[in-house]
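Asker: Below: one structure in structure tokens.
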Amino acid sequence: MKTIGETIKEIRKMKGFTQSDFTDFSQPSIASIEKSNRSISINKLNSILADFKMTLREFEYIRNDYELSKTDELFYDFASVKNSVYAEQGKQIVNKLGKHIAENPSDFVIYCLFIIEDVFVKISQQNTYEVDSPESFQIWSTLYGREAWSYQEIFIMSKLFYVFPEEIAFKVIARVEREMIPYINFLREINFDTTFYVNVGKYLIHKNNLKKAKEYLQKAAILAKKNDKIILEIDINAHLAIIDHLNGSENAHLEVEKCINKFIVIDRELLAKDLTSDWELFFKKKQRVSNQ
Numbered sequence: 001m002k003t004i005g006e007t008i009k010e011i012r013k014m015k016g017f018t019q020s021d022f023t024d025f026s027q028p029s030i031a032s033i034e035k036s037n038r039s040i041s042i043n044k045l046n047s048i049l050a051d052f053k054m055t056l057r058e059f060e061y062i063r064n065d066y067e068l069s070k071t072d073e074l075f076y077d078f079a080s081v082k083n084s085v086y087a088e089q090g091k092q093i094v095n096k097l098g099k100h101i102a103e104n105p106s107d108f109v110i111y112c113l114f115i116i117e118d119v120f121v122k123i124s125q126q127n128t129y130e131v132d133s134p135e136s137f138q139i140w141s142t143l144y145g146r147e148a149w150s151y152q153e154i155f156i157m158s159k160l161f162y163v164f165p166e167e168i169a170f171k172v173i174a175r176v177e178r179e180m181i182p183y184i185n186f187l188r189e190i191n192f193d194t195t196f197y198v199n200v201g202k203y204l205i206h207k208n209n210l211k212k213a214k215e216y217l218q219k220a221a222i223l224a225k226k227n228d229k230i231i232l233e234i235d236i237n238a239h240l241a242i243i244d245h246l247n248g249s250e251n252a253h254l255e256v257e258k259c260i261n262k263f264i265v266i267d268r269e270l271l272a273k274d275l276t277s278d279w280e281l282f283f284k285k286k287q288r289v290s291n292q
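Residue numbers for the sequence shown follow my numbering, so the first one is 1 and each next one is one higher.
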């Protein structure tokens, strides 16, 4: 990793700046910083970044030789894969997580991702959200008392609420909703809010809280349409149709089948298979009216 001074010099040349072109620094000051002869506060660094019109996040990416930190790389790899569907990719990521934890046992974020994957596997194998995961409770007890969560901690808890008793699960959901508000734009690339609302909606369907499930899925539908997330739209429409089916609609199954076919048409056969499995295993033969 380059020093802060070396990175400033590299970006300055990239941008076509001279050492005299900075708002809050003289030429000798910039020269001293670039040679690492002078320390720089975060406020002063932010001033330089403002002149560069660059975020701290991009600065650190360049400083790290145009690579994410290992934790960020693993985090984004994990966040970009639907582990319940793309099993092979999920296995590869788990192997990377395990190797990283062995080398960096104090990396809390990566440890949590490893536990999330363990939870996903248990849910998939047992076909229920009611799985045993004492590690998840330990993670919750660690984060619960903190005044605020980082974006990675928000993501972690958004994936673990499933395994808790409903009373705790609803507390986690409410906390995630509150904590994610200032991070919405920061997490835009992984569609964090949309996928969270979808997952909450699906969870609530399984808990037969159909009214609340529909509210979350409708919020997700608005965001998916706004951001042109076709795959999420199809998945949301399928689960809204499942709610209608469970509420007694005679034709809702046609919309579910239509969504399955849409996945096939756009060459997402694994998603089609996943949706078909959930539909036939949990919902197809059930039809009831929920008063919740």
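Cβ coordinates follow ideal geometry from the N, Cα and C atoms, glycine included.
These numbers come from a predicted model, not from an experiment.
By the DSSP assignment, the alpha helix (DSSP H) with PRO165 in it spans what residues?
Answerer: Residue mapping note: residue 165 aligns to position 165 of the sequence shown, counting from 1. No alpha helix (DSSP H) contains PRO165, which DSSP labels as neither H nor E.
Asker: Cα-Cα, which of ILE139, PRO134, LYS91, GLN125 is closest to ASP107?
Answerer: Translated into the one-based positions of the sequence shown, residue 107 becomes position 107. Put simply, of ILE139, PRO134, LYS91, GLN125 the residue whose alpha carbon is nearest the alpha carbon of ASP107 is ILE139.
Asker: Rounded C-beta distance between ILE236 and LEU217? I'm assuming under 8 Å.
Answerer: Locating residue 236 in the sequence shown gives position 236, counting from the first residue. Locating residue 217 in the sequence shown gives position 217, counting from the first residue. 5 Å between Cβ atoms; contact.
Asker: Decide if THR142 is buried, meaning its Cβ has at least 16 other Cβ atoms within 10 Å, or exposed.
Answerer: To locate residue 142, count along the sequence shown from 1; it is residue 142. A residue is called buried once 16 or more other Cβ atoms fall within 10 Å of its Cβ, and THR142, having fewer, is exposed.
Asker: Quick one: residues in its chain with C-beta nearer than 7 Å to the C-beta of PHE22, no 5 flanking neighbours on either side, listed in chain order?
Answerer: Residue numbering aside, residue 22 sits at position 22 when the sequence shown is read from its first letter. For PHE22, where only same-chain residues beyond five positions count, the Cβ hits under 7 Å are ILE30, ILE48, ASP51.
Asker: Let me confirm a value: LEU113 is counted as buried when at least 16 other C-beta atoms fall within 10 Å, else exposed. Which label applies?
Answerer: Translated into positions along the sequence shown, residue 113 becomes position 113. So LEU113 counts as buried.
Asker: Taking only the alpha-carbon atoms, compute the straight-line gap between SER39 and LYS53 and give it to the nearest angstrom.
Answerer: Looking up residue 39 in the sequence shown gives position 39. Looking up residue 53 in the sequence shown gives position 53. Each residue's alpha carbon lies about 21 Å from the other.
Asker: GLY98 to THR7, Cα distance in whole Å?
Answerer: Within the sequence shown, residue 98 is the residue found at index 98, counting from 1. Within the sequence shown, residue 7 is the residue found at index 7, counting from 1. Cα-Cα distance, rounded: 32 Å.
Asker: Looking at C-alpha atoms only, which residue of ILE243, THR194, GLU117, GLY248 is the closest neighbour of LYS91?
Answerer: Your numbering for residue 91 matches position 91 in the sequence shown. Of the candidates ILE243, THR194, GLU117, GLY248, the one whose C-alpha sits nearest the C-alpha of LYS91 is GLU117.
Asker: Only counting the same chain, and skipping five residues up and downstream in sequence, which positions put a Cβ closer than 6 Å to that of THR3?
Answerer: What you label residue 3 is simply residue 3 of the sequence shown in a count that begins at 1. These residues qualify, in order along the chain: SER36.
Asker: Is ALA79 helix, strand or coil by DSSP?
Answerer: Reading the sequence shown from its first residue, position 79 is the one you call residue 79. It is helical.
Asker: Report the option in ASP72, ILE156, PHE186 whose CA atom is closest to the CA atom of ARG175.
Answerer: The residue labelled residue 175 in the question sits at position 175 within the sequence shown. Comparing Cα positions, the closest option is ILE156.
Asker: Give the single residue among GLU153, GLN27, HIS206 whose Cα lies nearest to the Cα of ASN127.
Answerer: By 1-based counting over the sequence shown, the position of residue 127 is 127. Checked all of GLU153, GLN27, HIS206; the closest Cα to ASN127 is HIS206.
Asker: From GLU34 to THR71, what does the alpha carbon distance come to, in whole angstroms?
Answerer: Your numbering for residue 34 matches position 34 in the sequence shown. Your numbering for residue 71 matches position 71 in the sequence shown. Roughly 27 Å between the two C-alpha positions.
Asker: Looking at the structure shown, is THR332 part of a helix, part of a strand, or coil, going by DSSP?
Answerer: As displayed, the chain neither begins before 1 nor continues past 292, which places residue 332 out of reach and without an answer.
Asker: Please state whether the Cβ-Cβ distance between TYR162 and ILE115 is less than 8 Å.
Answerer: Here residue 162 refers to the residue found at position 162 of the sequence shown. Here residue 115 refers to the residue found at position 115 of the sequence shown. Result no, Cβ atoms of TYR162 and ILE115 do not sit closer than 8 Å.
Asker: Note the first and the last residue of the continuous alpha helix (DSSP H) segment covering TYR66.
Answerer: Residue 66 sits at position 66 when you count from the first residue of the sequence shown. That residue, TYR66, is in no alpha helix (DSSP H); it is neither H nor E in DSSP.
Asker: Return the CA-CA distance between GLN152 and ALA241, expressed in angstroms with no decimal places.
Answerer: The residue labelled residue 152 in the question sits at position 152 within the sequence shown. The residue labelled residue 241 in the question sits at position 241 within the sequence shown. Going by the C-alpha atoms only, they are around 32 Å apart.
Asker: Could you check how far apart the C-beta atoms of GLU147 and ILE62 are, in whole angstroms? I think they sit under 8 Å.
Answerer: Start at 1 with the first residue of the sequence shown, and residue 147 comes out as number 147. Start at 1 with the first residue of the sequence shown, and residue 62 comes out as number 62. That pair is no contact at about 32 Å.
Asker: Can you tell me whether DSSP reads VAL131 as helix, strand or coil?
Answerer: Sequence index remark: in the sequence shown, residue 131 carries index 131 (1-based). Correct three-state label for VAL131: coil.
Asker: According to DSSP, is GLN292 helix, strand or coil?
Answerer: Along the sequence shown, read from residue 1 onward, the residue named residue 292 stands at position 292. Residue placement at GLN292 cannot be trusted, given a pLDDT of 45 that sits under 50; what the coordinates show is reported in the next sentence. Coil, per DSSP.
Asker: By the 10 Å Cβ neighbour count, where 16 or more other Cβ atoms means buried, how is ALA102 classified, buried or exposed?
Answerer: In the sequence shown, the residue the question calls residue 102 occupies position 102. ALA102 should be labelled exposed.
Asker: Nearest-angstrom Cα distance between ILE168 and PHE196?
Answerer: The count along the sequence shown starts at 1 and reaches residue 168 at position 168. The count along the sequence shown starts at 1 and reaches residue 196 at position 196. Distance between the alpha carbons of ILE168 and PHE196 is about 17 Å.
Asker: If you measure between the beta carbons of ALA213 and LEU223, is that distance less than 8 Å?
Answerer: On the sequence shown, position 213 is the one that residue 213 refers to. On the sequence shown, position 223 is the one that residue 223 refers to. In this structure, LEU223 does not lie closer than 8 Å to ALA213 by Cβ.
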